[in-house]
Structure formats: structure tokens, C-alpha cells
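J.:
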Amino acid sequence: MSVTTARPRLDPDTSAPPQPPRRTLPRWAWALIVIGVWILIWVFTKGQDTLQMPQRAHTDVQQALTEFRDAVLASRDTNPLVELTYQIGAWFVDVVDWLQRLVSIPDFPRPVPQIGWLGVVALATWAGLAAAGWRIAILVGASFLSFGLFGYWSDSMDLLIITGVAVTIAILIGLPLAVYYGTAGRTGVKVVTTLLDLMQTMPTFVYLSPVVLFFGIGASAAVVCTVIYAVPPIIRIAGHGIRNVSRTTIEATDSSGQTRWQRLTKVQLPMARSTIVVGINQTTMAALSMATIAAFVDGPGLGQPVLSALVRNDVGNAFVPGALIVVIAVMLDRTTTAASEASEKAARGQIDLRMRRMVLAATGVAALVAVWVSRQYVWAAEFPETSWGVTVADGVDSFFAWITETFDGLTQAVADAVTYGLLNPLQELIAESPWWLTALAILALALVFGGVRALLPTVVCLTGLRVFGLWHDAMVTLTMVLVATVLVMALAVVLGVWMARRRAVDLVVRPFLDAGQTIPPFVYLIPVLALFGPSRFTAIIAGVVYAAPVAIKLVADGVRGVSTTTLEAARSTGSTTWQEITKVQLPMARDSLVLAANQGLLYVLSMVVIGGMVGAGALGYDIVLGASRSEEWGKGAAAGISIVLLGIMLDRIMRASAQEDADSHRA
611 MSVTTARPRL DPDTSAPPQP PRRTLPRWAW ALIVIGVWIL IWVFTKGQDT LQMPQRAHTD
671 VQQALTEFRD AVLASRDTNP LVELTYQIGA WFVDVVDWLQ RLVSIPDFPR PVPQIGWLGV
731 VALATWAGLA AAGWRIAILV GASFLSFGLF GYWSDSMDLL IITGVAVTIA ILIGLPLAVY
791 YGTAGRTGVK VVTTLLDLMQ TMPTFVYLSP VVLFFGIGAS AAVVCTVIYA VPPIIRIAGH
851 GIRNVSRTTI EATDSSGQTR WQRLTKVQLP MARSTIVVGI NQTTMAALSM ATIAAFVDGP
911 GLGQPVLSAL VRNDVGNAFV PGALIVVIAV MLDRTTTAAS EASEKAARGQ IDLRMRRMVL
971 AATGVAALVA VWVSRQYVWA AEFPETSWGV TVADGVDSFF AWITETFDGL TQAVADAVTY
1031 GLLNPLQELI AESPWWLTAL AILALALVFG GVRALLPTVV CLTGLRVFGL WHDAMVTLTM
1091 VLVATVLVMA LAVVLGVWMA RRRAVDLVVR PFLDAGQTIP PFVYLIPVLA LFGPSRFTAI
1151 IAGVVYAAPV AIKLVADGVR GVSTTTLEAA RSTGSTTWQE ITKVQLPMAR DSLVLAANQG
1211 LLYVLSMVVI GGMVGAGALG YDIVLGASRS EEWGKGAAAG ISIVLLGIML DRIMRASAQE
1271 DADSHRA
């Protein structure tokens, strides 16, 4: 059959009739073709060139990274950069040590801290009252009392110290950058956005090794890695608030001849105050999360007893400090949120400021008296020992022992169904294919879903994975991330649609999701480990539980945002509930679904890495090994870089795919 390429004549009487539009295969069909070809070649090449390395073997690149670490350590007294970073680390250690001696550890020769537990509880309660009112004051006071009653007073204070120092530094660094981000031109915004995307794509674990190299272990490493992880939220959120101040308002104030500084301080910052507070709240939550994980680099705080218990698979003794971490998270979250609401009420004149000052003055005197008492009497300085923590730990052990014995068949059946039905087959394809076949298949899928804009970053990331010598482990990790993300999205769609269509369900479920988002990822390992034991599946389920709250809320909000008029039009045609959901609500909430998948994937990636310490293996195990053995440092660093590359690759493919969808809809 011949195909003519001649240009049609313009004469309307003799021109050829218009041709029907050319039909192309949808992207999902091309993806199935790519996967089909992949499987066909895999059948004949399975197990060849997988690049799987012996556990303790090292490539030249990994060995070079170890030698770089050794060179940095050897130059601590001669390299100006290393000298500077160690001096900064020493300053952080001094600040943390001073605060610890103030409230949490003996300040020798004084056998107790400078301010005892009674004084600390009184001051914290007064601060809650001053910031947000009586309800928050009661919450703060009860939270601080729980630290001592359950036997973890010093560890709780240490975690709050690390978090507080890091948040203070993050705000000092982040707010000026947020102002720049909110007022800069398009180029500046694009540069900052790229850096923030990179920082937030990196799993928390990845920060640890380089920070330890340049700042040492202990409090210095804990503060530095916490600051790095906590800075992006305040820059992004506060900057967004500043940038979205009404243009009309700005133009009106500009007409009065104000300077840029006056515009910023008198218009943009005041009008973006609520958004800035949200940024501070998210920065605080991020700091608490990272400060807990910093236990891996000997950071002080409640992460230490949790880590020690998890290593021993001691669920009861991990549960108590883990629960106190949750208490701290809820306390900080509610306090910052309520403080924002209180400031708004005060600004609108809804609070009797005179009465408020009188109450604060009276309670402030009482707090100072409590501080004096805590400095004079041992009973008020050193929290009395109780058996509450031991009792709860024993009860948790007994409860999970009963759960395991009673539902062992069910939990094992769930684990086997996911492992043998989804995880193992996918891992066989991705990790047991020749490396070149997997690489070509991923490139083809990136091209199908994200077009050319996804192809270049995918090429760069896959090349990096090959260079750093952990291809097989990276593919195993990729498999776990994909399986966990599929489970997250299945859960998000089911619960999200249910919440969007039933107001009562939303009212019941959303508070649990909000609370779940405040819990640091470290804590999720405790109950999952108790139920399923150390395995890849444990890390996957922990990742699902950690990522589900944000994904469910995004899907619920997206589905709820579908126009009521559109739904009524669908119902008028006789659509069933199933048709309404699948043909109208989910397609029209596509952007929210893509964002939920993107955020869920990044959360899962972070959690799967942490799961390296509970049997997940692959890159997570490589990082844990590199952190614990000096001769494995290079391999751990290569694993950390590989995780970053995986995160960037998946993030860019999903973003490009979403952009392709948007472009096609506009067309």
C-alpha cells in the first residue's frame, strides 16, 4: 500500500475530503507493551548480569569514598573547611551541654540540674498558657509530667533541647530565605524550588553519614542534620504565603510611596502571618522527626532507648519511649497551631488583654516560686522513680504476645500474600533481569509516562546507580518502594473516596490522619515489628502506615473538590454510585491522585530505608552497615547517594507524567 506525501490542493472544489484524526495508543497500552517485551527477554536472560555483589565486597568507587572519609578525618587539624565545621559542631555541643545541665542532667558538683523537674514543668505550663491559653497549658503540663512518670525525664528533655535548638536555627536561616523565595523573580524562585525539591526528596537517613564526617557524632551531628532536614518546610510554606499576598493590596500600598522594606514589614509579612506559622509548625515536626532518627549517630534523646530496644526486638521497652515521642509531637503540633489562633484572636480584639496580663503575671510568679523550690529541694529537682514505664512495657509485651499467638495465621497469611503474590514476582523481574535490560525498560517507561522531560533525569540517575556499584540492591529497594506505593494508593483511594462522600466518616477518620502525620517515622516500626517480625514485609508495611495519612487526605480533598454541578449532571443520566466514582470523581481528581502518589512514594522511600535495621536489607542495610563499621563507610555513602538518585528519578518521572497530563488536557 502506497502513502502519498503530496500537499493537498487549496481549491475547495477539488481538494480531498478531510482525513479523520490519527489515533494513537494510550500511554497505559505503550507501558504494557514495554513490560511485555521486558518479560519476554527476561525469560531468556533471568539471573544474568544482575551486578549482585558479595555482602562485604567493595567496588573501586566505594573504596575511593572510604579513602575520602579517611583523608577528611586525617585533615581535621589542617583543612580550613573541616576545622570550621568541627568548630561549629563544638559550639553546638557547648549549647546543648549547657541546656542539658540546666534542665536534664546533673551540673557537677551540683548532683542535680540547675532547674529541677518541678521548675521545668511550671515554666513549660506557663509558656503554654502565655502562647495559647489554658487548654494548651494543661496539655503541656500533663505531657511534661508523663516524661517523668514513665521514667524518661532526661531523655525527653534532651530530645526537646535538640529539637528546640534546631528549630531556632532553622527559623533564623529559613525566614530570610523564605522572604527571598516569596519576593524573587521567576529565575530565583526556580533555583530555590529545585534545591528544596532535592532536599525534600532525600530520605532522612541519607543526611547522617556526611554530617558525621564533617561535624562528628553526638549532639553536633544531631543538631546539624536536624537543621538541614527542618529548613525546607519553612522556606517553602512561608515563601508561598509571602508570594501570594494580594497583588491589589501591594499595589495600593505602593501608591503611597512606601519602600520595599516597608512593604515587606508592614504588608507582606503581617498578611502572611498565618501561613508563616504553618511553616514553623511543619519545621518543628520535621525537626522532631529528624532529632529522633539522629539516635543513629549518638544524638541524645528518646531515640536512643527506642533504637536500643528495636535492635533487641524488645517491643515493650521500645513502645514506652516511642509513645512519649508521640506525646511530644502532639504537644508541639497543638501548641504551635493554637498559638497562631490565639494571636489572630488578639489581633481582632477578641481577648481581654488586661485580664490576660494579670493572669500571666500571677501565674508567672507561681512558676518562679516553683523554680526556686526545685533548686532548693531534691524531691523537686530529681523526678521520683515510678514503676509506670515498666508496667506499661510488660503490658505491651503481653498484649503483642497475645496478638501474635491469636492472629499469627492471619498476619502470616497477609505477609505471604503480599510477599509471594506481588513482592517476589516484581523483584524477580526488576532485580533479576540483566542490569542493561532493567535500565532500558525503566528508560522506556519514563519516556512513555513523562516524555522527553523525564528521559534526561532518568538517564542521569540510572548512570549514577551503575557507577556507585549497588545496582542490585537499588533494584531490590525500588521493588519494595513500588509495592508499598501501590498499597498506599489502594488504601488512599478507598478511604479517600469514602471520606469525600461521607461527611461523618471524614469527621471520624481525619483526626487520626492528622495525629498520624505528627508521629516521627521511627515510631511506626515498633508495632509493625511486633506483628510481623524482622523482614522486608515489615519495612514495607511500616512505610505504608507512615505514608498513608498524607495520601488519604490528598485524595479525599481532591475528590471532595469535584464540582457539585458535575455530580448532579452525572446523576441525572442515571449513573450508579460506582460509575459516579470511577467515571467522574476519580478522573476529575487526577491532579490530587498524582500528588498523593508522589508524596506517598517519597514517604515510603524514606521509611523503607529506615527499615534496613529490621530486615529490609538492600540499600537500607548498606547504610546501617556503613554507619556502624568504619571500613564500610564508602559502601554506606554509595548506598545513600543511590537512594537519593532513586528518589529523584521517581519524583521526576511522576512530575513529568503529571505535566504531560496537564498539557494533553489543555490541548
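Heads up, the final residue of the sequence shown is numbered 1277 in the numbering used here, and it's a clean run with no missing numbers.
Even for Gly, the Cβ is constructed at its ideal location relative to N, Cα and C.
(1) Going straight from the alpha carbon of residue 1072 to that of residue 1049, what length do you get?
(2) Check whether the region 1071-1088 touches the region 651-662, taking contact to mean three or more Cβ pairs, one atom from each stretch, closer than 8 angstroms.
(3) Shortest alpha-carbon distance to residue 845 belongs to which of 1009, 670, 814, 888?
(4) By a C-beta neighbour count over all protein chains shown, 10 Å radius and 16 as the cutoff for buried, is residue 643 buried or exposed?
(5) Please state the DSSP three-state secondary structure of residue 1227.
(6) Can you list, in chain order, the residues of its chain whose CB lies under 8 angstroms from that of residue 707, leaving out five sequence neighbours each side?
(7) Which whole runs of the alpha helix (DSSP H) in the region 1120-1173 are 4 residues long or more, in chain order?
(8) For residue 687 and residue 831, what's the separation of their Cα atoms in angstroms?
(9) Under 8 angstroms Cβ to Cβ from residue 683, same chain only, skipping five residues before and after it: list those, please.
(10) Hey, out of 1239, 1133, 732, whose CA is closest to residue 713's CA?
(11) Do residue 771 and residue 709 have their beta-carbon atoms positioned less than 9 angstroms apart in this structure?
(12) Report the option in 1216, 1259, 971 whose CA atom is closest to the CA atom of residue 1069.
(13) Does the pairing of the region 714-727 with the region 971-991 give three or more beta-carbon distances under 8 angstroms?
(14) Taking only three categories from DSSP, how would you classify residue 795?
(15) Using 10 angstroms around the beta-carbon of residue 854, count the other beta-carbons present and answer buried if the total reaches 16, otherwise exposed.
(16) Heavy atom of the ligand GDP less than 8 angstroms from the Cβ of residue 984, yes or no?
(17) Among the candidates 1126, 1204, 1248, 1179, whose CA atom is the shortest distance from the CA of residue 1193?
(18) Quick check on the DSSP output: what are the complete beta strand (DSSP E) runs of length 3 or more inside the region 869-919, in order along the chain?
(19) What do you get for residue 704, buried or exposed, if any count of 16 or more other CB atoms within 10 angstroms of its CB means buried?
(20) Would you identify the three-state DSSP class for residue 1112, choosing helix, strand or coil?
(21) Helix or strand or just coil, what does DSSP make of residue 987?
(22) Around the Cβ of residue 1011, are there at least 16 other Cβ atoms within 10 angstroms (buried) or fewer (exposed)?
(23) Closest by CA to residue 693, which one among 1009, 825, 1126?
(24) Going by beta-carbon coordinates alone, are residue 1212 and residue 1203 separated by less than 9 angstroms?
(25) What residue from 852, 841, 902 has the CA that sits closest to residue 766's CA?
(26) Could I get the ranges of all uninterrupted alpha helix (DSSP H) runs contained in the region 1172-1219, with 4 residues as the minimum, in chain order?
(27) Measure from the alpha carbon of residue 1324 to the alpha carbon of each residue in 1208, 778, 1032, then state which is nearest.
(28) Starting from residue 686, trace the alpha helix (DSSP H) in both directions and tell me its first and last residue.
(29) Ignoring anything shorter than 4 residues, give me the alpha helix (DSSP H) runs that lie fully in the region 681-755, in order along the chain.
(30) Tell me where the alpha helix (DSSP H) around residue 575 begins and ends.
T.: The answer reads as follows:
(1) 7 angstroms
(2) The answer is yes - the region 651-662 touches the region 1071-1088, with three or more Cβ pairs under 8 angstroms.
(3) 888
(4) With a threshold of 16 other beta carbon atoms within 10 Å, residue 643 falls short and is exposed.
(5) coil
(6) Within the same chain, Cβ atoms closer than 8 angstroms to the Cβ of residue 707 are found at 829, the five residues on either side in sequence being excluded.
(7) 1131-1142, 1146-1170
(8) 19 angstroms
(9) So the list reads 823, once near-sequence residues are dropped.
(10) Of all alpha-carbon atoms in 1239, 1133, 732, the one lying nearest the alpha-carbon of residue 713 is that of 732.
(11) yes
(12) Among 1216, 1259, 971, the Cα nearest to that of residue 1069 is on 1259.
(13) yes
(14) coil
(15) Residue 854 comes out exposed.
(16) Ligands displayed in this structure: none; no statement on the ligand GDP is therefore possible.
(17) 1179
(18) none
(19) exposed
(20) coil
(21) coil
(22) In summary, residue 1011 is exposed, with fewer than 16 beta-carbon neighbours lying within 10 Å of its beta-carbon over all protein chains present.
(23) 825
(24) no
(25) 902
(26) 1174-1182, 1187-1190
(27) It is not possible to answer for residue 1324, since the shown part of the chain is limited to 611 through 1277.
(28) No alpha helix (DSSP H) contains residue 686, which DSSP labels as neither H nor E.
(29) 690-713, 727-742
(30) Since the first and last residues shown for the chain are 611 and 1277, residue 575 lies out of range.
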